[in-house]
Structure formats: structure tokens, C-alpha cells
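Undergrad:
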Amino acid sequence: MVVLTAAEQPTTSTSTIDTISPVNEALHIRRRPTINATTSTTEVQKSAGLSSSPSEMAPSCPRTGRRRRRVMLVGTGAAAILFVIAFFGFPTAVSPRAIAAESRRASSTAAFDLNRGTNNNKMANGDSQYQVVERGSLFTLDYRVFIKGPNGFVSPWHDIPLFVDEAKKIYNMVVEIPRWTNAKMEMATKEPLTPIKQDEKKGVPRFVHNIFPHRGYIWNYGALPQTWEDPSHKDVNTNANGDNDPIDVIEIGSAVQPRGAVVPVKILGTLALLDEGETDWKLVAISTADPLADKVNNIADVEANFPGLLKATEEWFRIYKIPAGKPVNEIAFNGEFKDADFAHNIIAETHEFWKALIKEDKPKLNTETHVEGAAHPAKDDAWNKAVEATPALGEPKAAPAENDKWHFIKLP
Numbered sequence: 001m002v003v004l005t006a007a008e009q010p011t012t013s014t015s016t017i018d019t020i021s022p023v024n025e026a027l028h029i030r031r032r033p034t035i036n037a038t039t040s041t042t043e044v045q046k047s048a049g050l051s052s053s054p055s056e057m058a059p060s061c062p063r064t065g066r067r068r069r070r071v072m073l074v075g076t077g078a079a080a081i082l083f084v085i086a087f088f089g090f091p092t093a094v095s096p097r098a099i100a101a102e103s104r105r106a107s108s109t110a111a112f113d114l115n116r117g118t119n120n121n122k123m124a125n126g127d128s129q130y131q132v133v134e135r136g137s138l139f140t141l142d143y144r145v146f147i148k149g150p151n152g153f154v155s156p157w158h159d160i161p162l163f164v165d166e167a168k169k170i171y172n173m174v175v176e177i178p179r180w181t182n183a184k185m186e187m188a189t190k191e192p193l194t195p196i197k198q199d200e201k202k203g204v205p206r207f208v209h210n211i212f213p214h215r216g217y218i219w220n221y222g223a224l225p226q227t228w229e230d231p232s233h234k235d236v237n238t239n240a241n242g243d244n245d246p247i248d249v250i251e252i253g254s255a256v257q258p259r260g261a262v263v264p265v266k267i268l269g270t271l272a273l274l275d276e277g278e279t280d281w282k283l284v285a286i287s288t289a290d291p292l293a294d295k296v297n298n299i300a301d302v303e304a305n306f307p308g309l310l311k312a313t314e315e316w317f318r319i320y321k322i323p324a325g326k327p328v329n330e331i332a333f334n335g336e337f338k339d340a341d342f343a344h345n346i347i348a349e350t351h352e353f354w355k356a357l358i359k360e361d362k363p364k365l366n367t368e369t370h371v372e373g374a375a376h377p378a379k380d381d382a383w384n385k386a387v388e389a390t391p392a393l394g395e396p397k398a399a400p401a402e403n404d405k406w407h408f409i410k411l412p
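What follows is the structure, given as C-alpha cells:
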């Protein structure tokens with residue numbers, strides 16, 4: 001097995017290979033300012049990144065050096081002009097300096113939102129009753145994503161229901177990692193409120209490497225609430241014990257889901273990863289809001305509508321730890337994906353494990369919840385104080401340069 005970074009590849013170019021996802025490129029499109037009936041001309045200019053100073057907006061006359069004045073119609077024509085402004089932009093010459101400043105501002109803001117993986121504290125792509133509350137600074141060990149419901153904070157692991165519609169087998173998925181990002185996020189199962197945090201190794205935040213031709217995680221990645229892979233239970237299918245976490249989900253739809261989103265999904269099948277000797281199920285799902293959701297109901301439909309994705313997924317899970325010095329991961333059933341019915345049975349089993357867990361008197365994980373009958377009921381005042389005790393949301397730390405490199409792997 002050979003592992004090469006982009007810099008080690010035999011190539012005539014000496015430049016570093018950077019990977020830019022379609023999302024990164026799309027976010028450089030300038031957004032039209034929001035304008036309503038009460039928006040003043042000055043506010044329109046400011047929202048578009050334009051100076052309200054005539055000396056910047058009006059070009060000088062090449063002959064006299066004086067600024068040209070612009071005449072605007074008044075009276076009944078003013079309303080028509082404002083209408084045109086609202087839909088087509090302000091009809092004034094823009095200085096290059098203003099354009100450059102606006103471009104930098106828009107690009108910076110868009111990239112910041114993408115890197116954070118959240119969507120301005122709203123669940124735009126998921127269940128609108130839940131809201132994200134970020135604390136700390138992204139890419140640091142104090143970063144947390146708390147989830148707030150209509151009545152206060154909730155545990156994304158214990159309080160969000162497993163089912164959206166049990167009869168139709170529609171489940172809730174909690175998104176931990178948006179597609180095309182590298183930060184390895186997970187629920188903090190030992191902390192109060194079980195917020196989403198960045199995984200760590202030896203006190204350093206963890207990131208997955210980019211392995212050609214992939215960029216970060218190649219799907220939206222998360223977990224099903226109210227499930228638990230019991231580490232004391234040896235799975236009859238894999239002959240390995242559970243990994244002590246909620247069951248993982250990869251969502252293959254077209255939308256990049258924000259971190260913390262609660263997304264209704266259909267389960268299509270599953271892959272059985274054996275991660276360092278532990279059973280680590282990877283459920284394959286699609287958002288019920290996806291345009292292809294009605295056409296995709298099982299693994300065969302995935303291959304028909306997303307050709308190549310299953311093969312890429314199996315490969316990704318086998319090799320994603322190799323750049324970090326780990327061996328190739330083993331996958332049960334010779335890498336075969338199991339169908340939706342098989343996956344539903346696995347979910348049902350892990351749901352029962354979770355039910356038993358929250359009734360334990362002395363669990364090794366945090367099981368505080370609002371669910372009735374739990375051994376450790378949630379205390380809202382204590383939860384509010386726990387959130388307030390965390391650092392306020394700050395600027396993200398710079399992501400490691402490694403996140404912009406490709407690794408090339410050749411298996412024997």
C-alpha cells in the first residue's frame with residue numbers, strides 16, 4: 001500500500017493541489033440586498049456595500065475635474081424608480097473600491113457560514129421547531145452546538161424522537177457533519193445536554209483527510225437519536241460488540257445540511273463497518289424533502305439513481321484513516337450493503353438498547369432527558385446554567401492547512 005500526498009505526486013507542476021467544492025464556488029456569488037417599502041435610498045446603498053458619498057458614486061468629468069450630478073425624477077416617477085432599484089439594483093456608478101470591498105465582505109461572510117456548517121442558527125433544511133445555539137470557537141475543543149426546542153434546551157441524543165412517522169418508517173436524523181467538511185464532529189455523550197462537539201485525539205481537534213477524489217465527508221453525516229450501540233452486546237451479524245454511540249447515518253440527498261439540523265429521513269440500507277474491532281453501523285438515508293426521495297426506497301434504488309456512490313462510500317470507509325497512520329478498515333459481509341428491512345431491524349434493536357440505558361441508575365454516559373420514566377430527569381435550570389458556563393460564540397480558529405491537501409492511496 002502506498003500513501004502519497006499531493007506534493008509527492010510525480011507531476012510537472014510544483015504547486016500544491018487545492019480542492020474547491022462546488023459549494024465553495026457557489027458561495028462567491030454576490031447576494032442581492034433585501035429591500036422593502038420602508039427602505040431608504042441610503043439604506044439601499046449601504047446594504048449593497050455602496051458609499052453614500054457622491055464623491056465616490058459619481059465619476060468626475062474628464063474635462064473639468066468636477067463631479068457630475070445625477071438627476072432623479074420626483075413625484076409620481078419616484079415610486080417607479082424605487083421599484084426598479086428593488087429588483088435590479090441601485091442605478092448608480094459604483095467605484096472599483098466599493099466593488100472590491102463588497103466582494104471581500106460577501107466572500108468572507110459566505111465562507112465563514114460554510115466553514116461553521118450552520119445556517120444562522122436556523123434549521124432551514126430540517127425541522128423548524130429546533131434551533132441551533134453555538135458556543136465557543138469552531139475548530140477548538142471548547143466549541144459546542146446545543147439544540148433548543150420550543151420549550152428550552154433539549155438533548156439531541158435523548159429528547160429528539162427517533163420517529164417522525166413510525167408507521168411509514170420516517171426517522172429523525174441529527175446532522176453532525178455537513179457534506180464536504182473535514183471537522184470530525186460528534187455528540188458529547190458524557191456531557192450534560194449531549195451537545196455536538198469536535199472529536200479530539202491527544203488534546204487536538206480531529207479532522208478527516210481528503211483522499212483523492214474525495215473532499216472531506218462525501219455525504220451529510222450524523223446519527224439517529226434515541227439509539228445506542230451497546231458495547232456489552234455482541235452483534236450476531238458481525239461477531240463484534242457495539243461502539244458505545246448512537247447509530248450513525250449518512251444522508252445522500254442533494255442539499256448540504258447544516259450542523260445541528262434535525263432532518264426527517266428514509267432509511268435505504270446499511271453498511272457494517274468494523275472500526276478497531278467494534279461494530280459501527282452506517283445507515284444509508286435520504287432526506288424526505290429531497291427531489292429524489294420518492295424514487296429511492298432501498299439499496300438497489302441508490303445504485304440506480306446515484307451510480308457510483310455506494311462504491312465510493314465503501315471505499316471511503318475502508319481508507320479514510322490511512323493518512324493518519326491507521327490500517328485499512330474492515331467491513332462485514334465482504335463490503336456488501338444490506339437492504340432497508342435489515343437496517344430497520346438494526347435500528348429497532350439499538351432503540352431498545354437506548355431505552356434500557358436511560359433507565360440505568362449509574363450509567364457511564366450522560367442520560368439526563370425529558371423523556372418520562374428516565375432514571376435521570378433533565379433539570380432545565382441546571383441545563384441553562386451549563387450552557388451559560390461555556391464560552392460565548394467566537395471567531396473560528398483557522399483550519400489546518402492539511403484540509404486543503406489531497407492524499408493519494410494505492411491499495412495492494
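Numbering of the sequence shown is given in the UniProt record's numbering, commencing with residue 1 and proceeding in unit increments. Using N, Cα and C, we set each Cβ at its ideal position, and we do this for glycine too. Please read all numbers here as calculations on a predicted model, not as lab measurements.
Measure the CB-CB distance between proline 323 and histidine 209 and report whether it falls below 7 Å.
TA: yes
Undergrad: Should glutamate 176 be labelled buried (16 or more other beta-carbon atoms within 10 Å of its own) or exposed?
TA: buried
Undergrad: Just to confirm, are valine 302 and leucine 292 a CB contact at a threshold of 7 Å?
TA: no
Undergrad: Between the alpha carbons of alanine 101 and valine 154, how many angstroms are there, rounded?
TA: Only weak support exists for where alanine 101 lies, its pLDDT of 38 falling under 50; the value from the coordinates is given anyway. Taking the straight line joining both Cα atoms gives about 41 Å.
Undergrad: Pop quiz: valine 249 and glycine 222 are said to be a contact at Cβ under 8 Å. What is the actual Cβ separation, rounded to whole angstroms?
TA: Between glycine 222 and valine 249 the Cβ distance is about 5 Å, and since that is below 8 Å, they are a contact.
Undergrad: Please look up how many angstroms separate the CB atoms of methionine 187 and tryptophan 157, rounded, as I've assumed it's under 8 Å.
TA: 5 Å
Undergrad: Straight-line CA distance for valine 174 to valine 263?
TA: 6 Å
Undergrad: CB-CB under 8 Å to alanine 285, same chain, minus the five flanking residues each way: which ones, in chain order?
TA: Tyr171, Met173, Val249, Ile250, Glu251, Ile252, Val265, Lys266, Ile267 and Leu268
Undergrad: Should valine 204 go down as buried or exposed, given a rule of 16 or more other Cβ atoms within 10 Å for buried?
TA: exposed
Undergrad: Would arginine 144 pass as an interface residue toward chain B - the criterion being a Cβ-Cβ separation below 7 Å?
TA: Chain labels in this structure do not include chain B; a single protein chain is all it has.
Undergrad: Mapping DSSP to helix, strand and coil, what is arginine 318?
TA: helix
Undergrad: Of all the options Asn345, Pro192 and Asp380, which has the alpha carbon lying nearest to the alpha carbon of valine 236?
TA: Asn345
Undergrad: Quick one: residues in its chain with C-beta nearer than 6 Å to the C-beta of histidine 370, no 5 flanking neighbours on either side, listed in chain order?
TA: Asp159 and Ala378
Undergrad: Using CA atoms only, rank isn't needed, just tell me which of Glu372, Leu273 and Asp294 is closest to phenylalanine 333.
TA: Leu273
Undergrad: Tell me whether the beta-carbon of proline 225 lies closer than 7 Å to the beta-carbon of leucine 162.
TA: Taking 7 Å as the Cβ cut-off, proline 225 and leucine 162 qualify as a contacting pair.
Undergrad: What number of angstroms, rounded off, separates the C-alpha of glycine 152 from the C-alpha of proline 307?
TA: Taking the CA atoms as reference points, glycine 152 sits about 42 Å from proline 307.
Undergrad: Using the C-alpha atoms, what's the distance from phenylalanine 353 back to serine 108?
TA: Bear in mind that a pLDDT of 33 at serine 108, under 50, signals an unreliable position, so the model cannot answer this.
Undergrad: Taking Cβ positions, are arginine 259 and tryptophan 219 nearer each other than 7 Å?
TA: no
Undergrad: Return the CA-CA distance between aspartate 404 and lysine 397, expressed in angstroms with no decimal places.
TA: 15 Å
Undergrad: What residues in its chain sit with their C-beta under 7 Å from that of asparagine 366, if we drop five residues either side in the sequence?
TA: Thr189, Lys190, Glu191, Pro192 and Thr194
Undergrad: Return yes when the Cβ of threonine 350 is within less than 7 Å of the Cβ of threonine 227, no when it is not.
TA: yes
Undergrad: Short of 7 Å in beta carbon distance, which residues of its chain neighbour valine 164, apart from the five on each side in sequence? Order them along the chain.
TA: Ile170, Tyr171, Asn172 and Pro264
Undergrad: Check lysine 311 in the structure and name its three-state DSSP category.
TA: helix
Undergrad: Excluding five sequence neighbours on each side, which residues of the same chain lie with their C-beta closer than 8 Å to the C-beta of tryptophan 316?
TA: Ile211, His214 and Ile218
Undergrad: Between serine 254 and aspartate 290, how many whole angstroms is the CB-CB distance? I'm expecting something under 8 Å.
TA: 6 Å
Undergrad: Mapping the DSSP letters down to three states, classify tryptophan 383 as helix, strand or coil.
TA: helix
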